[in-house]
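Scroll down for the structure; my scribbles are underneath it.
Number of protein chains: 2
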Amino acid sequence: MAAARAGERRTQADRRARTRSALLESAARGLSAHGYANLSLERVAGEAGYTRGALYHQFANKEELAQAVVEWVGETWRAEVGGPASAHEDPVEALCALARAHAVYCRRDIAGVMMTLQTEFSGRDHPVARALERNVRPLITEWGGRIAQARESGALPPGPPPEEMASAYFGTLQGVTIALAGRSPHDVRLAEGAVRGVLGLPPAAPGEPLLTPPGRGAAP
Amino acid sequence: MAAARAGERRTQADRRARTRSALLESAARGLSAHGYANLSLERVAGEAGYTRGALYHQFANKEELAQAVVEWVGETWRAEVGGPASAHEDPVEALCALARAHAVYCRRDIAGVMMTLQTEFSGRDHPVARALERNVRPLITEWGGRIAQARESGALPPGPPPEEMASAYFGTLQGVTIALAGRSPHDVRLAEGAVRGVLGLPPAAPGEPLLTPPGRGAAP
DNA sequence: AAAGTAACATACAGACATGTACGTATGTGA
DNA sequence: TCACATACGTACATGTCTGTATGTTACTTT
């Protein structure tokens, strides 16, 4: 919210990095709340404590800013959700751990970025749409593969093609977590329940662990 | 797409009604695809075969057009999805029937309207946001009530407050159906699976009926 | 410490969309 | 058939946003 404190003498690179991340975070909040078209760069810069001049010094244009936000959110998601979940060997346990970690991840206000942009750019030919595709497509193939793997072992019942099922899986996950908006202690359990449902699994036993054992819950 | 055929002599009221519904349908498609902010009234009118003059003769402004679309979509949804599902006496069967009917309803391209507008206007004070609230709020209370009812009878396990659970239910439902984008034969089964999951129910038996018995599948 | 460069602010031009005023055509009632 | 109302098209005024050009402040280098 506040700009750089006056009086502290810092290096240029540090200065640049700080304002860049402040602008990115502000833009992420803005995109999550208002979408791309309604995103005013003046408000983005203002809420970060700068003006549009600073923004245009760091990013070539609005498109590039949005792409940078997508990449940034994608990286934090992979670090906090995708990576830890992938570490599970058992594919079913990995899919459930992913859902739980995603629910925790969505407790922040950045959560809506991907969903908002996806609905806004679905079916359009736009650089931001391609940035989304680059970040989402690998997930569909990776987790579609784990779904196929789980089916072969009999851990999952048969169903639609694995990639279609993966799409449904992520859609469901986004749907629950956005509806709950990260409020509550219930978000984790409900997210896991929903994805177990699409996958065709029975409800989890009530006494199961709530947080993914190998990964950390949420590291800022 | 095409405007009124020349040569046919029709009444004024008929003429008005036809262009109004053409504009509404075009606006619904536009909202579903591009959202509110990106919706160009010139394109809306153009795709309906008219100009902005006709649009402004029927609707006071962009806001009123969007509100009319929300009401229109809400009515068709209640007629094709909400009403038939409510007819089921058993609350659990009603909840599952709702999910199946919603999946069928979402096979049209109008499906994204509510979702798009909800994400675009969430947490904002705007006439369109209030129109959405008027159409969505009653659903939360009605189906929250059925959830509470099902819990009392032991048909549903305990969980978060009924209205929170209803929010999660609808969020999940929107998530799956939008991810599948009506492509399918699987959409119906996956939608039911997802909502059974959030509610804490086991998977449906494989031989169960796929379409809601009392309601019709999809009547235009 | 002074010159030079990077970070940021301010001022301006162009594009685009909404809303309005007004003109034209088509249907309606006496 | 003639006066009138309604449906629709066209032209313009206004505001807002992006993107660029230029000025000012903070840091770095010699």
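Residue numbers (my numbering), protein chains in the order written: chain A, 3 to 222; chain B, 3 to 222.
Backbone N, C-alpha and C fix where the C-beta goes; we use that ideal spot for every residue, glycine too.
In the three-state reduction of the DSSP assignment, P86/B falls in the helix class.
Close to P162/B, with beta-carbon spacing below 8 Å, are these residues of chain A in chain order: S186, H188 and L192. Look at E44/A here: in three-state DSSP terms it is helix.
Contact check for S42/B against A113/B fails: the beta carbons are separated by 9 Å or more. Closest in alpha carbon position to P163/A, among L100/A, A183/A, R110/A and W145/A, is W145/A. Within the segment 86-137 of chain A, the alpha helix (DSSP H) runs of at least 4 residues that lie entirely inside it are, in chain order, 93-107 and 114-123. Under the three-state reduction of DSSP output, S169/A falls in the helix class. Sequence-ordered contacts of the segment 164-178 of chain B with chain A read E166, M167, S169, A170, Y171, F172, G173, T174, L175, Q176, G177 and V178 [C-beta pairs closer than 9 Å]. Only T121, E122 and G125 from the segment 119-132 of chain A bring a Cβ to less than 7 Å from some Cβ of chain B.
Chain-order list of chain B residues neighbouring M117/A: T121, by C-beta distance under 8 Å.
N137/A is positioned such that its CB atom lies no closer than 9 Å to that of E82/A. With a contact defined as Cβ atoms closer than 8 Å, L201/B and Y171/B qualify at about 7 Å. Flagged as an interface residue toward chain B: V197/A, by a C-beta distance shorter than 9 Å.
Closer than 9 Å to the CB of I112/B there is not a single CB belonging to chain A. Going by beta carbons, V115/A and V71/A fall inside the 9 Å limit. Against chain A, the CB of A70/B has no partner CB under 9 Å away; the residue lies outside that interface. A residue is called buried once 16 or more other Cβ atoms fall within 10 Å of its Cβ, and T143/B, having fewer, is exposed.
Looking at the backbone, the Cα of K64/B and that of M167/A are separated by about 38 Å. Contact annotation for L182/A against chain B: E166, S169, A170 and G173 [CB-CB distance below 8 Å, chain order]. Against chain A, the beta carbon of P86/B has no neighbour under 7 Å; the closest one sits roughly 22 Å away. E122/A places its beta carbon less than 9 Å from that of G37/A. Chain B has no Cβ within less than 9 Å of the Cβ of N137/A.
In this structure, the alpha-carbon of A15/A lies about 10 Å from that of R22/A. Where Y38/A is concerned, there is no enclosing alpha helix (DSSP H), because DSSP gives it neither an H nor an E. If you draw a straight line from the Cα of P205/A to the Cα of A39/A, it is about 40 Å long.
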